[in-house]
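Just below is one structure, and these are the notes that go with it.
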Amino acid sequence: MNDLLGGLVGALRLLLSGDPEIWSIVLLTLRVSGIALLISAVIGVPLGAWLAFRSFPGHRFLTTLIYTGMGMPPVVAGLAVYILLSRSGPLGMLGWLFTPRAMVTAQVLISLPLVIGLTTSAVEGVVPELRLQLKALGATERQIVQAILWEARAGMLVALVAGFGSIISEVGAVMLVGGNIERSTRVLTTAVVLETRKGAFDQALALGVILVALTFVLNALALRLRGYLAHARG
Amino acid sequence: MSTLYTLEHVTVRYGARTVLAIDHLEIQAGEFLAVVGPSGAGKSTLLRLLCFLERPTTGTVRYDGRVWPDGAPLDVRREVTLVFQRPLLLDGTVEQNVAYGLRLRGAPADERVAATLERLGLSHLARARARTLSGGELQRVALGRALVLRPRVLLLDEPTANLDPHNVALIEQAIVALHREHGTTVVIVTHNLHQARRLAPRTAVLLDGHLVEDGPTDVLLTGRGTDPRTRAFVSGEMVY
Numbered sequence: 070m071n072d073l074l075g076g077l078v079g080a081l082r083l084l085l086s087g088d089p090e091i092w093s094i095v096l097l098t099l100r101v102s103g104i105a106l107l108i109s110a111v112i113g114v115p116l117g118a119w120l121a122f123r124s125f126p127g128h129r130f131l132t133t134l135i136y137t138g139m140g141m142p143p144v145v146a147g148l149a150v151y152i153l154l155s156r157s158g159p160l161g162m163l164g165w166l167f168t169p170r171a172m173v174t175a176q177v178l179i180s181l182p183l184v185i186g187l188t189t190s191a192v193e194g195v196v197p198e199l200r201l202q203l204k205a206l207g208a209t210e211r212q213i214v215q216a217i218l219w220e221a222r223a224g225m226l227v228a229l230v231a232g233f234g235s236i237i238s239e240v241g242a243v244m245l246v247g248g249n250i251e252r253s254t255r256v257l258t259t260a261v262v263l264e265t266r267k268g269a270f271d272q273a274l275a276l277g278v279i280l281v282a283l284t285f286v287l288n289a290l291a292l293r294l295r296g297y298l299a300h301a302r303g
Numbered sequence: 328m329s330t331l332y333t334l335e336h337v338t339v340r341y342g343a344r345t346v347l348a349i350d351h352l353e354i355q356a357g358e359f360l361a362v363v364g365p366s367g368a369g370k371s372t373l374l375r376l377l378c379f380l381e382r383p384t385t386g387t388v389r390y391d392g393r394v395w396p397d398g399a400p401l402d403v404r405r406e407v408t409l410v411f412q413r414p415l416l417l418d419g420t421v422e423q424n425v426a427y428g429l430r431l432r433g434a435p436a437d438e439r440v441a442a443t444l445e446r447l448g449l450s451h452l453a454r455a456r457a458r459t460l461s462g463g464e465l466q467r468v469a470l471g472r473a474l475v476l477r478p479r480v481l482l483l484d485e486p487t488a489n490l491d492p493h494n495v496a497l498i499e500q501a502i503v504a505l506h507r508e509h510g511t512t513v514v515i516v517t518h519n520l521h522q523a524r525r526l527a528p529r530t531a532v533l534l535d536g537h538l539v540e541d542g543p544t545d546v547l548l549t550g551r552g553t554d555p556r557t558r559a560f561v562s563g564e565m566v567y
C-alpha cells in the first residue's frame with residue numbers, strides 16, 4: 070500500500086518537476102500510439118465494415134487470420150517487424166529500425182487485427198433483418214450501409230479503444246524494434262522495464278502510475294464520446 | 328380496378344427446399360388482401376417477393392404490367408413498403424424513426440410525421456428514444472414509419488402479433504384509414520382469422536408454400552371454402 074502511495078506521489082512529483090526527459094517519454098508514447106491507432110482506424114474500420122457487409126470465397130479464411138492476429142503475442146509482431154526492417158530484411162533500405170517509425174509499424178500490426186475484428190463484429194451485431202427493413206423502406210445500398218454503420222457506432226468505438234489499449238500498454242514489440250533509446254525511442258512501458266532492471270522501483274512505479282493515469286483519462290474521454298454518440302442524430 | 332401484381336408459376340427455393348410455389352395469383356390495385364396459413368406456409372416469403380426484396384427462383388412477378396428480373400429500380404421499389412413482424416427500429420427518437428423513409432427521399436417531414444404520430448397515438452412520445460418503448464408502441468412506430476410514406480402498396484407481416492386489443496385497434500384503424508384515403512393496396516399476413524375478416528374482403532390461403540384457395544373472406548373464413556384443406560385450417564382441425 071505504501072509502495073502504491075509512494076508511486077502516486079512520485080508520479081506527481083515527476084510530472085510537476087518538468088523533467089524534460091519524462092515529458093519527452095510521455096509525449097513520444099502518445100505520439101507513437103496515437104499515430105498507430107490513427108493508421109489502424111483508417112485501414113481497419115472500413116476493412117472491418119467491408120468484411121461484415123460482403124461475402125466472398127475465402128471470407129472465412131480471412132476472418133480466421135484476423136482473429137489469429139487479434140491474439141498474436143505483441144513480441145511476435147515486434148519480431149516480424151524487426152526482421153522486415155533489419156538491414157538484411159526486405160524493407161531494410163527504409164532505415165526505420167530503432168526509430169519511432171518502426172515502433173508505429175509494430176503497433177499497427179498489433180492493433181489493426183483488433184480494430185478490424187471488433188469492427189466486423191460490431192457491424193455484424195446489428196440485427197440482420199434491419200437491412201431488409203431499410204431496403205423495404207426505400208433505402209439505397211449506400212443508405213443502408215450508412216444506417217448500419219451508424220447503428221454499430223458504439224461497437225466501432227470500442228474497437229478503437231481496445232486497439233489503443235493493446236498498444237499503449239505494450240512493451241515487447243516496441244522494445245525490440247525501438248531499442249529503448251533515450252530521448253529517441255523510449256516510451257513509458259520501456260522506461261518502466263529499464264527502471265525496474267536498474268532497481269529504481271520508485272521511479273518505475275511512478276512511470277507506471279503515469280501510464281495508467283494516461284490510459285484512464287483517454288478511456289474516460291472515449292466513454293464521454295460514446296455517450297455523446299449514443300444520443301447524436303444519425 | 329386494374330391488376331397491380333400478377334404472379335405466374337412462381338417458385339422460391341432455398342437449396343433443395345421449395346418454400347413457395349404459386350401457379351397464379353393476381354392482386355388488384357387498391358385491394359385489401361389477407362394472406363392466412365400456418366407457420367412455414369410461405370406467407371412472409373410471398374411478402375418479400377411482392378416487396379422486391381427477393382426474386383423468384385422460377386416464374387415471374389409482374390408489377391404494374393412489368394417484370395423486373397434483375398430487381399426493381401429504386402423508384403418502383405419506393406412505391407412498395409413492408410412492415411416486418413418484428414419492429415426493427417433505428418437507434419433514435421420516435422420522430423426520427425417515423426421520418427426515416429421521408430429523409431431517404433429528401434422529402435419534407437415535419438407535418439406528415441406529426442399527422443402520422445397523431446393518428447397512431449404517439450404524439451406524446453415523439454421525442455422519446457424508440458428503444459425505451461413498449462412492444463405495442465414499438466410496433467406502432469414501425470407502422471408509422473411505413474404509413475408516413477403513403478405508399479402505393481403496403482405489405483404487413485403479422486403487424487399485431489402478441490399485441491393487446493388497444494394497440495390492435497389503433498393499428499387496424501390506421502391501416503384502414505390509409506387504404507380508404509389514398510387507395511393504397513394492402514396485403515396483410517395474419518394468423519388471426521378474425522382480423523382477416525375485419526379488414527380484408529379477399530383472403531388467400533397458403534399451405535406448405537402452395538396457394539390452396541383465394542376468394543371472398545366471408546366465404547373462406549366461415550368454413551365454406553371449396554378446398555377441404557381450407558375448411559380444415561379454418562375450423563382448427565388441421566394439425567401442422
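Residue numbers (our numbering), protein chains in the order written: chain A, 70 to 303; chain B, 328 to 567. For every residue, glycine included, the Cβ atom is placed at its ideal position computed from N, Cα and C. Computed from a predicted model, the values in this text were never measured in an experiment.
- Contact check for Gly-419 (chain B) against Thr-443 (chain B) fails: the beta carbons are separated by 8 Å or more.
- Taking a contact as a CB-CB distance under 8 Å, the pair Ala-205 (chain A) and Gly-76 (chain A) does not count as one, their CB atoms being some 59 Å apart.
- In this structure the segment 130 to 137 of chain A lies against the segment 178 to 190 of chain A, because at least three pairs of beta carbons, one per stretch, are closer than 8 Å.
- Contact of Tyr-427 (chain B) with chain A is assigned, a C-beta pair being separated by under 8 Å.
- The residue among A:Gly-79, A:Leu-280, A:Thr-98 with its C-alpha nearest the C-alpha of Arg-252 (chain A) is A:Thr-98.
- Interface residue (Cβ-Cβ distance to chain A less than 8 Å): Asp-418 (chain B) is classified as such.
- The DSSP-derived three-state label of His-537 (chain B) is strand.
- By the rule that beta-carbons nearer than 8 Å mark a contact, Gln-215 (chain A) does not touch chain B.
- For Leu-415 (chain B), the chain A residues whose Cβ falls inside 7 Å of its Cβ are Val-196, Glu-198, Leu-199, Gln-202, in order along the chain.
- In the DSSP assignment, no residue is bridged to Tyr-136 (chain A).
- In this structure, DSSP gives Arg-393 (chain B) an extended state, which the three-state scheme calls strand.
- When rounded, the separation of the alpha-carbon atoms in Pro-126 (chain A) and Ala-504 (chain B) is 49 Å.
- In terms of Cβ geometry, Leu-409 (chain B) and Ala-208 (chain A) do not form a close pair [threshold 8 Å].
- In the three-state reduction of the DSSP assignment, Gln-355 (chain B) falls in the strand class.
- Contact annotation: Phe-411 (chain B) and Gly-398 (chain B) have beta-carbon atoms that are not nearer than 8 Å.
- Using a CB distance cut-off of 8 Å, Leu-483 (chain B) does not count as an interface residue toward chain A.
- Among the residues facing chain B, Thr-188 (chain A) is not included, as its CB has no counterpart in that chain under 8 Å away.
- Residues of the segment 389 to 402 of chain B whose Cβ lies closer than 8 Å to any Cβ of chain A, in chain order: Leu-401.
- Beta-bridge partners assigned by DSSP to Leu-520 (chain B): none are found.
- Looking at the backbone, the Cα of Val-150 (chain A) and that of Ala-175 (chain A) are separated by about 6 Å.
- Near chain B, meaning a CB-to-CB distance below 8 Å, the residues of the segment 220 to 233 of chain A are Glu-220.
- Where Leu-276 (chain A) is concerned, the enclosing alpha helix (DSSP H) starts and stops at 270 to 300.
- Think of a sphere of 7 Å around the beta carbon of Phe-411 (chain B): the chain A residues whose beta carbon falls inside it are Glu-198, Gln-202, in chain order.
- Of B:Pro-486, B:His-506, B:Leu-534, B:Arg-404, the smallest CA-CA separation from Pro-528 (chain B) is found for B:His-506.
- Of the residues assessed, Gly-140 (chain A) falls on the exposed side of the cut-off, its CB having fewer than 16 other CB atoms within 10 angstroms.
- Distance from the Cα of Glu-198 (chain A) is smallest, within the candidate group B:Arg-344, B:Leu-415, B:Arg-393, for B:Leu-415.
- Its Cα nearest to that of Arg-389 (chain B), the residue B:Gln-355 stands out among B:Val-346, B:Gln-355, B:Arg-413, B:Pro-365.
- The segment 515 to 527 of chain B and the segment 541 to 550 of chain B touch, with no fewer than 3 CB-CB distances between them shorter than 8 Å.
- Under the Cβ criterion of 8 Å, Gly-207 (chain A) is counted among the residues facing chain B.
- Interface flag for Arg-405 (chain B) against chain A is set, since a Cβ pair is found closer than 8 Å.
- For Thr-265 (chain A), no beta strand (DSSP E) run applies; the uninterrupted alpha helix (DSSP H) run containing it begins and ends at 257 to 267, by DSSP.
- Between the segment 208 to 221 of chain A and the segment 160 to 170 of chain A, the count of C-beta pairs closer than 8 Å stays below three; the two stretches do not touch.
- Within chain B, the residues Leu-431 have their CB atoms less than 8 Å from the CB of Gln-212 (chain A), given in chain order.
- Under the 10 Å beta carbon count, Ser-86 (chain A) is surrounded by fewer than 16 other beta carbons and is classified as exposed.
- Look at Leu-380 (chain B): its C-beta is under 8 Å from a C-beta on chain A.
- Taking the beta carbon of Thr-408 (chain B) as reference, the chain A residues within 9 Å of it are Ala-205, Leu-206, Gly-207, listed in sequence order.
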